[in-house]
Every structure is written in C-alpha cells, then in structure tokens.
Amino acid sequence: MQLTVTNDVNGEVYGPLELSGDMMLMDLVALLEVDCAFESGKQQLYFNGKELKPDVEKTLEELGIGNDDLIVIRGQPVSSNSIANSTSAIELDDDAYVEQFRLQLLSNSALRNSLRMPFADIDSLVNDPQQFKTHMGPVIIQRRRMQSAMPTNPYGIPDEEYKKLMTNPEDPEHKKRLQELQDKQLIDEQLRNALEYTPEVFAQVSMLYINMEINGHPVKAFVDSGAQMTIISPRLAEKTELKRFIDNRFIGEARGVGTGKILGRVHQVQVKIETQFIPCSFVVLDSNVDLLLGLDMLKRHQACIDLEKNVLRIAGTETKFLGEAEIPKGTSFDAVGNPQPPVEIKESADHSKKKMKTSFTITPKVKPVKADNLLNNSSPMGNTGRTFPEKTIKQLMDLGFSRQEVIQALVSTNGNAEFAASLLFQ
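Heads up: the sequence shown begins at 29 in this note's numbering, then just goes up one per residue.
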C-alpha cells in the first residue's frame, strides 16, 4: 500500500511511502522518526482524526489503514513536565549536549545504525569523545538549534504565544485567536484534500466562444449570459463593414465593473451561425472584446448553453464551443476570470441639438404593444383620453418615432418616458 504523511509541525508532506499492510505500527513509527522528522516524545500520529498510540501492537491493516490513506503528525500539547524537561535540555551548553548525544548512541544500537549511512565510522567515533565532538559535533549542534526554533505546539505558532493562549483559554481574545488557528488548520486540511482529490478545481476554466460570420467575415464570439447587451468593438465593426450602419445618436457610457464609451448602435444585422442566418443588433462599445453575445440576443433567440455536450443551441441550430487553443488571446478578464461587460447602458440621441438619455437596465413591466396598434392609433391622447406633457412627446419624437407611436407608448407605460423609450426600441 501507499501512504502519505504530512507533518503539521514543520509543514512538510512526505510520500507516498510504499509499505506493507502487515507492517506493525511500532515499525511505522520507527520509519517515520528517520524519514519524516517524527519525534515520538514530542509529537503524535493521527489517522482519520484519531490518535495512533505508538505502543499499540497492531498491524496497519488491523488499524484500518489502507492504500492512499493520510497520516498526520502533530505536536503534543505542552504540559508543565515537558516544559520543565525542555528547559533543562536547553540549559545544557553545546559541548554537554553533544556528549549527552554520544552517550545515547552508545546505549542505543538502533539509533547508531540509522546514522551509519552518513557516518560510516560511527562505531569508532562514539568510543572517542574528542573525535566525536570534532566530526559530529557541528551537525548535532545545528540540528539542536533547528529543533529549538521549531514550534512544538499543534498549531505551529511560536511556543511563547501558545503558552500565553493556554494559560487562560477562556479569555475572549484568547478564545478568538484559538478559533482562528483551528479554522486555519481546517482550511489547510481542505487545501491538501483538494490538491490530492480534486486538483482540477485549481485549473483555469476556458470561456465560451463560438464561430460565426458577419457579412462573410469569420468572427469568434464570446458567449456571456451575464452580459445584458450584445456588443461589438469599433475595430470589428469596421472590419465587417458595419461602420456605416452605426447610429451615432446612441452615444453614451456603459457602466459595470469599469466604464466604457458607447459609440453608437447597429440596429439590424444578419449573422450566420453554422448554416442559420440570425438577426442581431449590436451596441458599439470601445472594448478589447471584439464581439460579445449577451443575454438580449440569447433570450431573443431562445438559446440554450449545453455544457454537457459543449454546444450552444440557438434559433434552431447547434454549434460547438471553441477549444482552448482556438480562443482569441489577449482578452481582458477580471480577477475571477470573467470579462467586464456593461451592466448599465445609458444611451443618448442628439437631434436638433436636443438630447435624451435612456437607461436600458430598466425593463418596463407592461404588456408589449404590437407595431400595428402603434401605427393605426390616431388619437393624440391615446385610448384612455390622457394627455402628456408636450415636452416629453417631443423628446421621444426626436428619437425618430412618430407622434402616434410616442403617445401609444406613453399610454402603455402610464406616462413613464424612460419605459416608453425602451418600449419603442423593442
């Protein structure tokens, strides 16, 4: 079986280690002491949230440890006895510490054998205090200093802070800090699990693009159901011979995550998707996204974004989304990986030096009026006999509509000029 070992004390991950299921837990502990910086006196082993006692005479299989499982090394809670012992150990000077280690090697053959690889003459060195101090002393002192600087508490914070927190864990500030540390441990564990079991969530997701044609020119369109309007850049409008159809009465400003300059509107264009020709209108926006197919056209043609089949179904035809290699490079995306389409579009029409701004973020909650009804209605006051300010009627007529159309739209929207303007442009 293969096991992965993570050491919460030093932050290292070891493995996978190739082990046998009939291996005794005590043998695993000895292996971890050599290969994974495990210190049985200061640290504890955990499997599935439960502590593994090193002195238990059971095999890994008997303990329920299987292939691809995770063993966690954590520091032991600091007790008063351990603090006293560690204090006495720190009080030893370097020479005394090296000598103490030499005496341990003399009485512990297993520990001496573990050092035989880097020190082939270990047997002769331990019998000569001066040679041992000269050859092995620097290594032992360096290891001692590294261990003294390493936190021994389960949270991996400086031991001084841990002792302070544990002196009064019920203090509100201490309790808050301990909760933060526990949350951090949980987040770290979730990160390790995500890296191991679902690494795909860290990969960047490709955005949705389709191929289409405008006036015979192939175009890659970005499909964004989160964008309110369908937009086209001025450079693409010029390339696809739409520049002369831009209605510059609709110059305005698009406001979303940022702002963009609206250069006008193209009211009607036949775009080709696969073999189907579809009527489409564009807001001309100065943006580095050449063509964005927004929610207005998606709803108008009852589009369906099918991610299971990786296709877009629209107006009775089906087209595949482009692969990552086919997606245009250099498109601007924000921090979460989405482009920045306009959320609110303010348009203005300039006619006879009079301007009117219309917000397209407001959708009138009225029953749509048929064009025939608008054209056939000759009553200047509408069906209800209501009258409207002449200034409002004139402003709407300046957008290019007849008086009868304007009055009928005002009647349908209860006199709301902005709603009436939106209704007239539908």
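Every residue, glycine too, gets a C-beta built ideally from N, C-alpha and C.
(request) Go to residue 129, then tell me how far its alpha helix (DSSP H) extends in each direction, as first and last residue. (result) 122–135
(message) Under 8 angstroms: do the segment 291–299 and the segment 214–232 share three or more Cβ pairs, one atom per stretch?
(response) no
(request) Return the chain-ordered list of same chain residues with a C-beta closer than 7 angstroms to the C-beta of residue 128, the five sequence neighbours on each side being excluded. (result) 120
(message) Classify residue 440: buried if its beta carbon has 16 or more other beta carbons within 10 angstroms, exposed otherwise.
(response) buried
(request) Within the same chain, show all residues whose beta-carbon is closer than 8 angstroms to that of residue 298, passing over the 5 residues directly before and after it, in chain order. (result) 305, 306, 307 and 308
(request) Consult DSSP for residue 350 and reduce its assignment to one of helix, strand or coil. (result) coil
(request) Could you tell me whether the segment 210–217 touches the segment 230–247, using the rule of 3 or more Cβ pairs below 8 angstroms? (result) no
(message) Quick check on DSSP: helix, strand or coil for residue 370?
(response) For residue 370, the pLDDT reaches just 43, beneath the cut-off of 50, and the residue's location in the model is therefore unreliable, although a value from the coordinates is still provided. Correct three-state label for residue 370: coil.
(message) Once DSSP output is grouped into helix, strand and coil, what is the label at residue 195?
(response) helix
(message) Please classify residue 17 as buried or exposed, where buried requires at least 16 other C-beta atoms within 10 Å of its C-beta.
(response) Since the first and last residues shown for the chain are 29 and 454, residue 17 lies out of range.
(message) Can you look up residue 44 in the DSSP assignment and give me helix, strand or coil?
(response) strand
(message) Could you compute how far the alpha carbon of residue 156 sits from the alpha carbon of residue 130?
(response) 9 angstroms
(message) If you measure between the beta carbons of residue 259 and residue 313, is that distance less than 7 angstroms?
(response) yes
(request) Out of 277, 321 and 424, state which residue places its alpha-carbon closest to the alpha-carbon of residue 254. (result) 321
(message) Using 7 angstroms as the threshold, is the C-beta distance between residue 80 and residue 73 below it?
(response) yes
(request) Could you tell me the distance, in whole angstroms, from the CA atom of residue 438 to the CA atom of residue 277? (result) 21 angstroms
(request) Check whether the Cβ atoms of residue 342 and residue 331 sit closer than 7 angstroms, and answer yes or no. (result) yes
(request) Grab the span of the alpha helix (DSSP H) containing residue 74 for me, first residue to last. (result) Careful: residue 74 lies outside any alpha helix (DSSP H), inside the beta strand (DSSP E) at 71–75.
(message) For residue 150, report the span of its alpha helix (DSSP H) as first-last.
(response) 150–154
(message) Between 92, 311 and 435, which has its C-alpha nearest residue 53's C-alpha?
(response) 92
(request) Could you spell out the range, first to last residue, of the beta strand (DSSP E) harbouring residue 296? (result) 287–301
(request) Look at the Cβ atom of residue 236, then the Cβ atom of residue 310, and state whether they are nearer than 7 angstroms. (result) no
(message) Just to confirm, is the Cβ distance from residue 62 to residue 142 under 7 angstroms?
(response) yes
(request) Can you give me the Cβ contacts of residue 115 inside the same chain, cut-off strictly under 7 angstroms, excluding the 5 residues immediately before and after it? (result) Here the model assigns residue 115 a pLDDT of 43, short of 50, so the residue's position is not dependable, and the following value carries that caveat. So the list is empty, once near-sequence residues are dropped.
(request) Output the boundary residues of the alpha helix (DSSP H) element that contains residue 315. (result) No alpha helix (DSSP H) contains residue 315, which DSSP labels as neither H nor E.
(message) So the candidates are 168, 173, 134 and 315; which of them puts its Cα closest to the Cα of residue 154?
(response) 134
(request) Please indicate yes or no: does the CB of residue 34 lie closer than 6 angstroms to some heavy atom of the ligand ZN? (result) This structure simply doesn't include the ligand ZN, nor any ligand for that matter.
(request) Assign residue 455 to buried or exposed, taking buried as 16 or more other Cβ atoms, counted over all protein chains shown, within 10 Å of its Cβ. (result) Nothing about residue 455 can be read from this structure; the chain reaches only from 29 to 454.
(message) Could you give the first and the last residue of the continuous alpha helix (DSSP H) run that contains residue 422?
(response) 418–425
(request) With distances taken Cα to Cα, identify the nearest neighbour of residue 418 among 427, 429, 435 and 428. (result) 435
(request) Would you kindly work out how many angstroms separate the C-alpha atoms of residue 270 and residue 233, rounded to a whole number? (result) 32 angstroms
(request) Please classify residue 38: does DSSP put it in a helix, a strand, or coil? (result) coil
(request) Could you check which residue in 257, 38, 282 and 449 has the C-alpha nearest to that of residue 326? (result) 257
(message) Applying the 10 Å Cβ sphere with the 16-neighbour rule, what's the burial state of residue 164?
(response) buried
(request) Could you check the C-alpha separation between residue 182 and residue 39 for me, to the nearest Å? (result) 11 angstroms
(message) Could you pull the DSSP bridge partners for residue 249 from this structure?
(response) 238
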